[in-house]
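Q: Position 187 of the sequence shown, counted from 1, bears residue number 195 in this note's numbering, the numbering being contiguous throughout. Using N, Cα and C, we set each Cβ at its ideal position, and we do this for glycine too.
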Amino acid sequence: MRMKRNTISIGIAVALIGLGSFSAYHFAYADKQQEVTQNQQFPTVIVSHPAIENITEWQQYAGRFVAVNNVDIRSRVSGYLEKIHFKDGDIVNKGDLLFSIDPRPFKAEVSIAKATVEEREATLALAKTDSTRSIELYKTHAVSKQRVDEDKARVKQAEAQLSAAKSRLARAELDLDFTQITAPITGKIDQHNVDIGNLIRGDDENASPLTNIVSLDPIYVIFDVDQNTFLNLTNNETKSFNDVHSSSVRLSIQGDTDTKYDAKINFVSNSIDQQTGSIRLRAVVDNNQGKFTPGLFARVELAKQENPQTILIPEKALVLEQTDYVVYVVNDEDIVESRHVEVGPIANGLRVIRKGLNGDERVISGGLHHVAVGSKVAIQSELALNP
9 MRMKRNTISI GIAVALIGLG SFSAYHFAYA DKQQEVTQNQ QFPTVIVSHP
59 AIENITEWQQ YAGRFVAVNN VDIRSRVSGY LEKIHFKDGD IVNKGDLLFS
109 IDPRPFKAEV SIAKATVEER EATLALAKTD STRSIELYKT HAVSKQRVDE
159 DKARVKQAEA QLSAAKSRLA RAELDLDFTQ ITAPITGKID QHNVDIGNLI
209 RGDDENASPL TNIVSLDPIY VIFDVDQNTF LNLTNNETKS FNDVHSSSVR
259 LSIQGDTDTK YDAKINFVSN SIDQQTGSIR LRAVVDNNQG KFTPGLFARV
309 ELAKQENPQT ILIPEKALVL EQTDYVVYVV NDEDIVESRH VEVGPIANGL
359 RVIRKGLNGD ERVISGGLHH VAVGSKVAIQ SELALNP
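1) In this structure, what does DSSP give as the bridge partners for HIS378?
2) According to DSSP, what are the bridge partners of GLU314?
3) Does the stretch 270 to 279 touch the stretch 195 to 215, meaning 3 or more C-beta pairs lie closer than 8 Å?
4) Which residues in the same chain have their Cβ closer than 6 Å to the Cβ of HIS378, if we skip the five residues on either side of it in sequence?
5) How is GLN388 classed by DSSP in three states: helix, strand or coil?
6) Select from ALA215, ALA135, GLY367 and GLY285 the residue whose C-alpha is nearest the C-alpha of ASN236.
7) Pick out whichever of PHE300, GLN282 and SER256 has its Cα sitting closest to the Cα of ASP264.
8) Residues in the same chain with beta-carbon distance under 8 Å from TYR33, minus the five sequence neighbours each way, listed in chain order, please.
9) Taking all protein chains shown into account, do 16 or more other C-beta atoms lie within 10 angstroms of the C-beta of ALA36, making it buried, or fewer, making it exposed?
10) Looking only at its own chain, which residues have a Cβ that is under 6 Å from the Cβ of PRO417, when we skip the five neighbours before and after it?
11) Rounded to whole angstroms, what's the CA-CA distance from VAL293 to ASP96? Just pull it up for me.
12) Would you list, in sequence order, the uninterrupted beta strand (DSSP E) runs of no fewer than 3 residues that lie entirely inside the stretch 330 to 363?
13) Cβ of ILE321 within 7 Å of Cβ of VAL371?
14) Going by beta carbon distance, what residues of the same chain come within less than 6 Å of ASN101, once the five residues before and after it are set aside?
15) Quick check on the burial criterion: 16 or more other C-beta atoms within 10 angstroms. Buried or exposed for GLU213?
16) Excluding sequence positions up to five away, which residues of its chain have a Cβ less than 6 Å from the Cβ of ASN77?
17) State the Cα-Cα distance for the pair ASP270 and PHE94, rounded to the nearest angstrom.
18) If I follow the unbroken alpha helix (DSSP H) through THR301, where does it start and stop?
19) Keeping to the same chain, check which residues put their C-beta closer than 7 Å to that of LEU365; ignore five residues upstream and five downstream.
20) Leaving aside the five residues before and after LYS363 along the sequence, list all residues of the same chain whose C-beta is less than 8 Å from its C-beta, in chain order.
21) So, at 8 Å on beta carbons, what are the nonlocal neighbours of GLY66 in its own chain, with the 5 sequence-adjacent residues on each side left out?
22) Could you name the residues of the same chain whose beta carbon sits closer than 6 Å to that of LYS174, not counting the 5 residues immediately before and after it, in chain order?
23) From ALA178, ARG290 and LYS136, pick the residue whose C-alpha is nearest to that of PRO226; which is it?
24) Give the secondary structure of ALA38 by DSSP, where H, G and I count as helix, E and B as strand, and everything else as coil.
25) Would you list the one or two residues that DSSP bridges to THR52?
26) Find out if the Cβ-Cβ distance for the pair GLY210, ARG84 is shorter than 7 Å.
27) Which same chain residues end up closer than 6 Å to SER17 when comparing Cβ atoms and leaving out the 5 residues on each side of it in sequence?
28) Comparing C-alpha positions only, which one of ALA116, ILE261, ILE343 and LEU106 sits nearest to GLU369?
29) Taking the alpha-carbon positions, what's the GLU341 to ILE60 distance?
30) Name the two residues that bound the continuous alpha helix (DSSP H) containing SER171.
31) Pick helix, strand or coil for GLU213, following the three-state DSSP scheme.
32) Looking only at its chain, what residues have a beta carbon closer than 8 Å to the beta carbon of ASN220, apart from the 5 residues adjacent to it on each side?
33) Are the beta-carbon atoms of SER56 and LEU326 separated by less than 7 Å?
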């Protein structure tokens with residue numbers, strides 16, 4: 009009988025313990041469900057912590073590539089074109105043979121000039137001999153003083169004639185060299201404008217050039233900046249007019265604006281255009297891969313100013329309200345607040361914020377269409393923009 013009572017007592021105790029455990033679990037689960045239910049009542053958002061970086065702001069200008077050297081190829085002598093030694097569009101090096109003019113008439117002129125030189129040398133030798141003989145005879149009174157003077161004059165005349173003959177020979181040899189037209193610079197050659205067999209006029213300044221060569225590496229890019237920008241570059245305690253050359257420049261080309269190429273200013277015009285109020289600058293850039301061609305338009309970016317500790321946020325966090333930009337932030341109590349901000353350019357894929365944020369806010373960058381100022385939100389995730 010006692011055994012039965014003990015068994016009943018143990019069963020009742022176990023039941024009471026189980027009931028207590030169940031009640032505790034039930035109330036804890038209910039509290040958790042209530043918390044989840046309450047959170048589900050708030051809109052969920054994604055927040056981002058602003059990045060703080062040292063940013064260089066760039067001002068954009070339209071520019072155009074021009075060759076450092078642009079040379080029209082013309083003939084210095086007249087004659088019939090005998091041969092073309094290049095293919096249209098080739099890259100040629102300085103000194104490469106481009107055109108050959110029929111050299112035969114010029115070789116003949118050289119031969120005639122050489123013969124004339126030899127003739128003048130013989131005449132001079134004879135004149136010197138006569139002069140020497142006259143001087144000796146004059147000592148014995150065999151000839152007059154007038155004869156001596158005349159022989160000396162003939163020597164000087166023969167020397168002058170020989171000098172002129174040598175000059176004509178040098179000119180004839182130079183004209184012969186000019187029949188072989190070579191490249192004065194290294195660069196890309198244009199198409200030929202005269203075909204083989206045509207007569208070339210070397211003394212005709214109005215004639216079209218035989219072809220044209222432009223240098224490619226390095227290459228210039230010219231662009232105009234407004235006077236206010238130019239003054240900002242020079243109105244610095246540590247900068248002067250000449251220091252504009254040290255300003256940072258980068259450029260890109262149409263169709264590939266993401267790739268930037270570093271350039272260096274090497275020329276600033278000496279005056280501001282009175283009609284446009286702008287001043288011309290020129291930068292030089294390496295072109296060893298041949299990406300840039302003279303005449304191609306470029307997007308030139310000139311370093312405007314250095315901004316240390318710049319605040320940046322995602323572009324999608326900005327809301328345009330009429331003419332002002334607004335950013336929504338979440339305070340420590342998860343309440344939405346608004347901030348009117350002044351924006352700057354895009355830098356490193358983020359938008360520069362000039363005013364309106366301190367940099368320690370939690371900026372809503374996702375779920376903006378669900379929020380309202382003063383409402384409470386649930387944070388789905390927090391993103392850190394700084395590396």
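A: Quick look at the numbers:
1) DSSP, once it has assigned bridges, lists no residue as partnering HIS378.
2) THR64
3) no
4) Excluding residues within five positions, the ones whose Cβ falls inside 6 Å are PRO51.
5) It is a strand residue.
6) GLY285
7) PHE300
8) Its pLDDT being 46, under 50, TYR33 is placed unreliably in this model, and the coordinates cannot settle the point.
9) With a pLDDT of only 47 at ALA36, under the threshold of 50, the placement of this residue in the model should not be trusted; the figure read from the coordinates follows. Exposed, because fewer than 16 other Cβ atoms sit within 10 Å of the Cβ of ALA36.
10) The requested residue 417 is not part of the displayed model; the chain covers only 9 to 395.
11) Here the alpha carbon of VAL293 sits roughly 26 Å from the alpha carbon of ASP96.
12) 332 to 338, 344 to 355 and 358 to 363
13) In this structure, VAL371 lies closer than 7 Å to ILE321 by Cβ.
14) THR194
15) exposed
16) For ASN77, where only same-chain residues beyond five positions count, the Cβ hits under 6 Å are ILE193 and SER223.
17) 34 Å
18) Per DSSP, THR301 belongs to no alpha helix (DSSP H) and is neither H nor E.
19) PRO58, ILE319, VAL335, ARG347 and VAL349
20) Contacts found: VAL349 and GLU350.
21) Before going on, a small fix: residue 66 reads as Trp here, not Gly. Setting aside the 5 residues that flank it on each side, TRP66 is surrounded in the same chain by ARG258, GLU309, LEU310, ALA311, LYS312 and PRO353, each with a C-beta closer than 8 Å to its C-beta; the list follows chain order.
22) VAL125
23) ARG290
24) At ALA38 the pLDDT is 46, less than 50, meaning the model places this residue with poor confidence and gives no usable figure here.
25) ALA386
26) It is a contact, given that the beta carbons lie within the stated cut-off.
27) No answer about SER17 holds up, because its pLDDT of 49 lies below 50 and its placement is not dependable.
28) ILE343
29) 24 Å
30) That run of the alpha helix (DSSP H) goes 153 to 186.
31) coil
32) Within the same chain, ASN220 has close Cβ partners ASN78, VAL79, ASP80, ILE81, ILE197 and ASP198.
33) no
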